[in-house]
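All remarks here apply to the structure that follows.
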Amino acid sequence: MQVSQIMTSKVHSCRRDDTLDDVRERCRKERVSALPVLDESDELAGIVTLTDLLPEWEHATPVKRIMSPFVYTLPPSADAHLAARLMRSKRIHHVVVTEGDAVVGIVSSYDLLQLVASPEGAADVVERGKASPRQVLHAMLENVSRRQAKVDDDLLRTKAPVEQDFAEAAVQLENDEVLQALNQEGHQQLEAISEALEKLDAGTWGLCEDCNQLIPIARLEALPYATTCVECARAREA
Numbered sequence: 001m002q003v004s005q006i007m008t009s010k011v012h013s014c015r016r017d018d019t020l021d022d023v024r025e026r027c028r029k030e031r032v033s034a035l036p037v038l039d040e041s042d043e044l045a046g047i048v049t050l051t052d053l054l055p056e057w058e059h060a061t062p063v064k065r066i067m068s069p070f071v072y073t074l075p076p077s078a079d080a081h082l083a084a085r086l087m088r089s090k091r092i093h094h095v096v097v098t099e100g101d102a103v104v105g106i107v108s109s110y111d112l113l114q115l116v117a118s119p120e121g122a123a124d125v126v127e128r129g130k131a132s133p134r135q136v137l138h139a140m141l142e143n144v145s146r147r148q149a150k151v152d153d154d155l156l157r158t159k160a161p162v163e164q165d166f167a168e169a170a171v172q173l174e175n176d177e178v179l180q181a182l183n184q185e186g187h188q189q190l191e192a193i194s195e196a197l198e199k200l201d202a203g204t205w206g207l208c209e210d211c212n213q214l215i216p217i218a219r220l221e222a223l224p225y226a227t228t229c230v231e232c233a234r235a236r237e238a
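The numbering of the sequence shown is the numbering used here, which starts it at 1 and goes up by one.
Written out as structure tokens, the structure reads:
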């Protein structure tokens with residue numbers, strides 16, 4: 001899976017001379033936790049996150065005084081797992097996606113939840129298109145189980161008491177929320193894969209639970225543990 005498949009392409013940004021009040025309001029309005037900072041030439045100059053706003057800065061303080069001038073970037077074609085490793089190693093929650101000097105997207109730690117739910121994560125175990133549904137599902141089960149064990153270990157470590165200042169505590173809280181979301185998503189994924197394997201044994205895999213019609217092959221290739229066709233899935237969400 002590429003970065004372009006999980007990134008948010010509608011990027012909200014700010015300028016270096018915007019005030020902290022401007023940034024807070026924009027983050028609140030757009031429901032984002034980070035804004036790339038652009039210069040007068042619309043080129044990337046830095047990044048500001050809600051964590052940067054925690055200290056008691058004056059409301060009229062310009063963003064350029066508190067932004068992080070060094071921004072970790074990746075091209076849209078980069079492997080999404082590279083974004084995950086970068087966030088983990090650098091202890092950051094956002095990677096800006098660029099093409100040349102242009103900002104074309106942003107990836108947050110929440111976007112990485114899609115990696116857990118993606119069958120592409122099994123690509124290192126089986127070659128898609130040359131494996132049976134059972135092989136793909138078993139590969140996904142192994143892949144997700146391995147990730148889930150890592151998430152469980154990380155959750156245990158975060159429970160250990162550590163002295164932190166206010167900003168560090170805020171970063172830790174965001175880390176904890178991401179881990180909790182990953183944990184929930186992972187368990188749901190494992191349950192769905194296990195149910196799909198049971199349906200294979202029973203001969204009912206590939207049948208829509210709602211209309212009892214065959215689920216299109218394209219949907220099953222994209223989501224091997226799908227339980228409904230696209231139309232019924234949309235009806236459930238309506």
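All residues carry an ideal CB built from backbone N, CA and C; glycine is no exception.
Query	Result
Residue nearest to ASP39 in terms of C-alpha spacing, selected from PRO69, ARG16, ILE47, GLU30	ARG16
Whole-Å CB distance - ILE193 paired with VAL144, under 8 Å assumed	7 Å
Beta-carbon gap between HIS12 and ARG28 smaller than 8 Å	no
Own chain, CB closer than 6 Å to VAL84, minus 5 neighbours either side, in chain order	The question names Val, but residue 84 in the sequence shown is Ala. If we look at ALA84 and ignore the five residues flanking it on each side, its Cβ neighbours are LEU112.
Cα-Cα separation, ARG88 to ARG134	32 Å
Reduced DSSP secondary structure (H/G/I, E/B, other) of PRO283	Since the displayed the chain opens at 1 and closes at 238, residue 283 lies outside it and no answer follows.
Contact set for ARG24: own chain, Cβ-Cβ below 7 Å, skip 5 residues either direction	LEU53
Sequence-distant residues of its chain with Cβ nearer than 8 Å to LEU44 (five each side left out)	PRO36, VAL37, LEU38, VAL71, THR73, VAL96, THR98, ASP101, VAL103
Extent of the continuous alpha helix (DSSP H) to which ALA83 belongs	80-90
For ASP21 and HIS59, believed in contact at Cβ under 8 Å, the rounded distance	5 Å
Proximal residues to SER4 (C-beta, below 6 Å), its chain only, five neighbours per side dropped	PRO76
Paired residues, beta bridge with HIS94 - DSSP	SER108
Beta-carbon separation (whole angstroms), LEU214 vs GLY206, contact threshold 8 Å	6 Å
Test item: CB-CB of THR228 and ASP210 under 8 Å	yes
DSSP state of THR204 mapped onto helix, strand, coil	coil
Local Cβ density within 10 Å of ARG189, reported as buried at 16 or more and exposed below that	Looking at the sequence shown, residue 189 is not Arg but Gln. The residue in question, GLN189, is buried, as its Cβ has 16 or more Cβ neighbours within 10 Å.
Length of the line joining the Cα atoms of VAL48 and LEU197	45 Å
Which of helix, strand or coil DSSP assigns to THR8	strand
Environment of ILE248 [buried if 16+ CB atoms lie within 10 Å]	Examination of residue 248 is not possible in this model, given that the chain is present from 1 through 238 alone.
According to DSSP, residues forming a beta bridge with PRO133	Its beta-bridge partners do not exist; DSSP assigns none.
Top-ranked residue by Cα proximity to SER156, from ASN183, GLU142, ALA139, HIS93	Looking at the sequence provided, one finds Leu at residue 156 rather than Ser. For LEU156, the nearest C-alpha among the options comes from ASN183.
Length of the line joining the Cα atoms of ILE92 and THR51	11 Å
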